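Colleague: Take the sequence shown: its position 52, counting from 1, is numbered 382 in my numbering, and each next residue is one higher. Note that CB positions come from ideal geometry on N, CA and C, so glycine has one too. The structure presented is a predicted model; accordingly, all values stated were derived computationally and were not measured. Once you've had a glance at the structure underneath, I'll fire off some questions.
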Amino acid sequence: MTKLEGYVIVPPLSHWDKENYNSIWLDMGYPTFGKTPTEAWKRYIHPSQYEHIDFSILVQRWHDRGYRVKKATLEINYE
């Protein structure tokens, strides 16, 4: 088994969603997995769509909406 440490971007959760946060964060965080927080944000935001806006401004906008970067571990099992 091999482990890769990295980061994912997770959405804000409503009161109801907090009971199901594991499945929500897994489903929404998986495509944003990156080795660094910046890589995770870039996978989430796709900054090429916003070439006219500074990347830090884009991250701040999503952060203001409640999105957060969280540490994550990806495990690879060899069988």
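1) Hey, ARG395 and PRO361: beta-carbon distance below 8 Å or not?
2) DSSP three-state label for ILE406, please.
3) Take LEU388 and list the residues in its own chain whose beta-carbon comes closer than 7 Å to its own, dropping the five residues that flank it on each side.
4) Enumerate in chain order the residues of its own chain whose CB-to-CB distance from TYR408 is below 8 Å, with the five nearest sequence positions on each side excluded.
5) Entirely within the segment 363–390 and at least 4 residues each: give me those alpha helix (DSSP H) ranges in chain order.
Modeller: The relevant details are as follows:
1) Pairing ARG395 with PRO361 gives a Cβ-Cβ distance that is not under 8 Å.
2) Assigned with DSSP and collapsed to three states, ILE406 falls in strand.
3) Closer than 7 Å at Cβ, skipping near neighbours: ILE375, PRO377, TYR380.
4) For TYR408, where only same-chain residues beyond five positions count, the Cβ hits under 8 Å are MET331, THR332.
5) If only complete runs of 4 or more residues are kept, the segment 363–390 shows the alpha helix (DSSP H) at 367–375, in order along the chain.
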